């Protein structure tokens with residue numbers, strides 16, 4: 067019988083992709099006053115530059131391990147303890163400026179000062195744009211009190227707590243919040259899942275389901291650990307190597323699945 071639900075945060079409860087898109091839109095619009103460019107094209111070029119640059123820095127093994135994403139690197143403060151986060155704080159200003167500079171260059175704009183300005187504007191815009199999925203609170207309201215709820219999220223503790231502080235209604239639903247940067251490894255690491263389970267007294271593996279959008283972290287991690295998973299497939303993609311226990315298209319659709327697991 068189901069006793070606990072593990073939830074991912076980004077693009078499961080929080081609509082992070084929309085937040086990033088809106089932050090890019092607002093930041094790129096600032097360039098239109100100075101240069102006659104298409105802001106959507108600038109966003110595309112900056113995204114491409116950021117994606118290419120991110121793996122080139124010495125911090126990449128660390129950010130990959132704990133699960134700090136490309137665009138999180140474009141706005142997080144990373145005010146966490148430890149030498150890895152210290153090095154990350156050194157790297158990100160260069161990374162951000164270079165991503166914006168190369169994006170502008172792709173549109174034949176050589177403006178280093180503007181790149182530096184945009185690199186500072188983007189984090190402010192990202193913090194202004196916080197979105198929950200429309201059914202997030204409805205789903206959590208339905209589950210709260212019936213199951214133990216644990217948030218299992220990859221990333222920098224400071225950045226993930228920043229997101230939660232900007233969405234203060236979320237945290238009170240959860241019995242435990244586990245952030246990979248505190249643990250030292252991110253999903254799909256089996257030890258992280260085991261640690262999360264150990265926080266819930268009286269709950270066995272067979273009594274847990276993991277809900278998340280990322281097949282390579284949430285679903286693969288659940289599979290490796292040996293717990294059921296519900297994959298939220300927002301974009302209708304097909305998987306080859308990872309097999310979720312259940313698949314839905316939106317968050318609300320997890321409720322009948324959870325109910326059926328509770329009746330087994």
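Numbering (the working numbering), first residue to last: 67 to 330.
Where a beta carbon is used, it is the ideal one built from N, C-alpha and C, also for glycine.
As the structure is a computational prediction, the values presented were derived from the model and not from experiment.
Could you check whether residue j and residue i sit closer than 7 Å to each other, using their CB atoms as the reference points?
| i | j | result |
| --- | --- | --- |
| residue 228 | residue 253 | no |
| residue 216 | residue 72 | yes |
| residue 327 | residue 208 | no |
| residue 296 | residue 309 | no |
| residue 247 | residue 222 | yes |
| residue 317 | residue 219 | no |
| residue 191 | residue 89 | yes |
| residue 259 | residue 291 | yes |
| residue 145 | residue 224 | yes |
| residue 266 | residue 214 | yes |
| residue 273 | residue 69 | yes |
| residue 175 | residue 261 | no |
| residue 103 | residue 173 | yes |
| residue 293 | residue 271 | yes |
| residue 169 | residue 108 | yes |
| residue 105 | residue 141 | no |
In this structure, how does DSSP classify residue i when only helix, strand and coil are distinguished?
| i | result |
| --- | --- |
| residue 278 | strand |
| residue 222 | coil |
| residue 95 | helix |
| residue 84 | helix |
| residue 212 | coil |
| residue 270 | coil |
| residue 298 | strand |
| residue 76 | strand |
| residue 319 | helix |
Excluding sequence positions up to five away, which residues of its chain have a Cβ less than 6 Å from the Cβ of residue i?
| i | result |
| --- | --- |
| residue 137 | 86 |
| residue 158 | 139 |
Under a CB-based cut-off of 7 Å, is residue i close to chain B?
| i | result |
| --- | --- |
| residue 327 | Structure shown: chain B not included; a single protein chain is present. |
Within its chain, find whatever has a CB closer than 8 Å to the CB of residue i; leave out the 5 residues flanking it on each side and keep chain order.
| i | result |
| --- | --- |
| residue 280 | 74, 77 and 253 |
| residue 205 | 317, 318, 320 and 321 |
| residue 203 | 235 |
| residue 38 | Outside the modelled stretch of the chain, which goes from 67 to 330, sits residue 38, for which no answer is possible. |
| residue 287 | 253, 254, 255, 256, 258, 259 and 276 |
Identify, in the order they occur along the chain, each residue of the same chain with its Cβ nearer than 7 Å to the Cβ of residue i, setting aside the five sequence neighbours on each side.
| i | result |
| --- | --- |
| residue 257 | 251 |
| residue 187 | 93 and 96 |
| residue 249 | 258 and 261 |
| residue 131 | 251 and 252 |
Open item on the list: Extract the residue ranges of the alpha helix (DSSP H) inside the segment 104-169, only unbroken runs of 4 or more that lie entirely within it.
Closed with: Those alpha helix (DSSP H) runs which fall completely within the segment 104-169 and span 4+ residues are 105-119 and 126-132.
Open item on the list: Quick check: the segment 183-201 against the segment 76-85, are at least 3 beta-carbon pairs closer than 8 Å?
Closed with: With a cut-off of 8 Å, the segment 183-201 and the segment 76-85 count as touching, because enough Cβ pairs lie within range.
- [ ] Examine the Cβ distances between the segment 147-158 and the segment 92-111 and report whether three or more of them are shorter than 8 Å.
- [x] Verdict: no, contact absent.
TODO: Check whether the segment 227-246 touches the segment 105-120, counting contact only when three or more Cβ pairs, one atom from each stretch, lie closer than 8 Å.
DONE: Taking 8 Å as the limit for Cβ pairs, the verdict is that the segment 105-120 does not touch the segment 227-246.
Open item on the list: Please give me, in chain order, every unbroken run of the alpha helix (DSSP H) with length at least 4 that falls completely inside the segment 172-205.
Closed with: DSSP runs (the alpha helix (DSSP H)) wholly in the segment 172-205: 178-194.
Open item on the list: I'd like the ranges of any alpha helix (DSSP H) spanning at least 4 consecutive residues and lying wholly in the segment 229-258.
Closed with: Considered as a whole, the segment 229-258 harbours 246-249 as its complete alpha helix (DSSP H) runs of no fewer than 4 residues, in chain order.
Open item on the list: For the segment 296-306 against the segment 176-183, do three or more pairs of beta-carbon atoms, one drawn from each stretch, fall closer than 8 Å, so that the two count as touching?
Closed with: Touching, no.
Task: Three CB pairs or more closer than 8 Å across the segment 156-164 and the segment 105-114 - done: Contact between the segment 156-164 and the segment 105-114 is absent: fewer than three C-beta pairs spanning the two stretches fall below 8 Å.
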